[in-house]
Amino acid sequence: MRILSIETSCDETSAAVVEKIDSNNGVEVLSNVIATSLDIHATTGGIIPENAAREQVKFIIPVIKKALELSTKDSNKNAQRIFTDDIDAIAVTYGPGLIGSLLIGVETAKTLSLSFNKPIMPVNHLLAHLFANFIKTEKNNTIPQLPFIGLIVSGGHTDLLYFKSLTDFKWLGGTRDDAAGEALDKIGRLLNLSYPAGPEIEQRANKFIKDKKNTPTSLFHSPMIGSKDFDFSFSGLKAEVARFVEKNPEISEELKNEICYSVQKAVIDVLVKKTIRAAKVYKTNTIILGGGVSANQTLLEKLKKQAEKDLSNPNIFSPERKYSTDNAAMIGAYALIDYKPIEWKKITSNPELYFD
Ligand code: KG4
Ligand code: ZN
Numbered sequence: 173m174r175i176l177s178i179e180t181s182c183d184e185t186s187a188a189v190v191e192k193i194d195s196n197n198g199v200e201v202l203s204n205v206i207a208t209s210l211d212i213h214a215t216t217g218g219i220i221p222e223n224a225a226r227e228q229v230k231f232i233i234p235v236i237k238k239a240l241e242l243s244t245k246d247s248n249k250n251a252q253r254i255f256t257d258d259i260d261a262i263a264v265t266y267g268p269g270l271i272g273s274l275l276i277g278v279e280t281a282k283t284l285s286l287s288f289n290k291p292i293m294p295v296n297h298l299l300a301h302l303f304a305n306f307i308k309t310e311k312n313n314t315i316p317q318l319p320f321i322g323l324i325v326s327g328g329h330t331d332l333l334y335f336k337s338l339t340d341f342k343w344l345g346g347t348r349d350d351a352a353g354e355a356l357d358k359i360g361r362l363l364n365l366s367y368p369a370g371p372e373i374e375q376r377a378n379k380f381i382k383d384k385k386n387t388p389t390s391l392f393h394s395p396m397i398g399s400k401d402f403d404f405s406f407s408g409l410k411a412e413v414a415r416f417v418e419k420n421p422e423i424s425e426e427l428k429n430e431i432c433y434s435v436q437k438a439v440i441d442v443l444v445k446k447t448i449r450a451a452k453v454y455k456t457n458t459i460i461l462g463g464g465v466s467a468n469q470t471l472l473e474k475l476k477k478q479a480e481k482d483l484s485n486p487n488i489f490s491p492e493r494k495y496s497t498d499n500a501a502m503i504g505a506y507a508l509i510d511y512k513p514i515e516w517k518k519i520t521s522n523p524e525l526y527f528d
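This note's numbering runs 172 ahead of the 1-based position in the sequence shown.
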């Protein structure tokens, strides 16, 4: 089965063609095209929803066309022929996200479904972040085995879930205020880092740690690390950094790197501790990560290291970088793994969508 998938929940416009041949196997990505309006948001230090929606309108048709063209080696076929001949169904993100951005993808997908009489399936963006781990890549050709713990860490969300089956899952906890990525981005603004700040924080943290023999302690507290629940809170960390910056108006590059290291450590320590505890409580040795912050290699390394200590034969999965941040391939992967098309009329964008 071959699916055209569309993702427009925030500032990325993405379309992909994905395929699954064998039900025991992972998902093959034939094309995954991403256009981003990040440059525009970098100038404002954050996303202005109306600007993001306006850019989605510009990109959506060329991105879909390109994804279709790249999905085949047959250069005689144009995008429309590829769509009619080769595509079995459409999948589209219907939430959560920015309403203006979501609408562009959803209404385009519904129009394609109606006009070309193709089945269509709405996909939850959050769950899709985890299902990016079912994409086959050169490095990754095994798929996670159930049951598993899923940690979603993105710019908008931080959630811990337990999956008994692919469709039977339990939400264990999440952030009470800012998401992990959101906190990193807001702290980035305090330090005049590039937007989004996650990658620069990671680079600067690596620079700071490079020649150190032992792991230095963090300048800041790891929030809620001692609480017995599976919840998180990152707004206090942002406030702690703001106070530190206020007290230290002259911040050298070296101190900036130390702040980045400390922030990253504070965030990662609590993510690792609660994720491993969830695996222990729910008696599984498989953990899957998803969302933009899961592109952070230190998070992955620390989680692996701790899992080696606390779990027997742990299996930790994290998507390849290009599938951790927003992309349409993960939307298609979810649709292929739990294929449930519905009537196009019944699909509406839902910016507040969470876990049903
Ligand atoms: O999943 P995503 O692309 O968008 C949402 O659905 O929110 O996540 C974006 C977030 C941003 O907050 C960004 O700073 C963070 O992912 N991020 C990282 C890294 N790369 C992106 N955070 C830490 N380390 C990274 N390497
Ligand atoms: Zn996302």
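For every residue, glycine included, the Cβ atom is placed at its ideal position computed from N, Cα and C.
Residue i: CB within 8 Å of a non-hydrogen atom of the ligand ZN
i	result
residue 497	yes
residue 346	no
residue 326	yes
residue 408	no
residue 297	yes
residue 393	no
Nearest to residue i (by Cα), restricted to the options the options
i	options	result
residue 196	290, 258, 315	315
residue 307	320, 200, 418, 356	200
residue 515	238, 209, 247, 286	286
residue 118	509, 363, 378, 260	Residue 118 lies beyond the stretch modelled for the chain, which goes from 173 to 528, so this question has no answer here.
residue 192	207, 182, 176	176
residue 374	522, 435, 189, 282	435
residue 468	353, 204, 500, 358	353
residue 273	187, 229, 301	229
residue 405	381, 204, 376, 443	443
residue 251	257, 240, 261, 260	240
residue 441	425, 392, 499	392
residue 181	174, 198, 207	207
residue 365	517, 215, 523, 185	215
residue 470	400, 379, 494, 425	379
residue 179	269, 259, 254	269
residue 495	221, 188, 331	188
residue 498	342, 301, 277, 367	301
residue 205	401, 225, 231	231
residue 259	238, 249, 290, 276	290
residue 460	317, 389, 399	317
Residue i CB to nearest heavy atom of the ligand KG4 below 8 Å
i	result
residue 182	yes
residue 323	no
residue 373	yes
residue 354	yes
residue 471	yes
residue 465	yes
residue 368	yes
residue 224	no
residue 378	no
residue 451	no
residue 305	no
residue 351	yes
residue 468	yes
residue 357	yes
Whole-angstrom distance between residue j and residue i, CA atom to CA atom
i	j	result
residue 397	residue 437	12 Å
residue 236	residue 430	43 Å
residue 487	residue 271	36 Å
residue 319	residue 311	23 Å
residue 346	residue 328	11 Å
residue 233	residue 509	26 Å
residue 324	residue 462	5 Å
residue 412	residue 279	43 Å
residue 416	residue 356	15 Å
residue 344	residue 194	32 Å
residue 458	residue 338	13 Å
residue 433	residue 376	7 Å
residue 409	residue 386	23 Å
residue 209	residue 185	8 Å
residue 424	residue 282	53 Å
residue 512	residue 369	37 Å
residue 336	residue 212	41 Å
residue 491	residue 371	16 Å
residue 173	residue 421	58 Å
residue 326	residue 198	23 Å
residue 517	residue 360	42 Å
residue 464	residue 526	18 Å
Test: residue i CB closer than 9 Å to a CB of chain B
i	result
residue 249	Among the protein chains of the structure shown there is no chain B, as only one such chain exists.
Worksheet item: Are the stretch 289–301 and the stretch 261–271 touching, with three or more C-beta to C-beta distances below 8 Å?
Response: yes
Worksheet item: Within the chosen definition, does the stretch 478–494 reach the stretch 441–451 through at least 3 CB pairs nearer than 8 Å?
Response: yes
Worksheet item: Would the stretch 242–249 and the stretch 494–509 be scored as touching if the rule is three or more Cβ pairs under 8 Å?
Response: no
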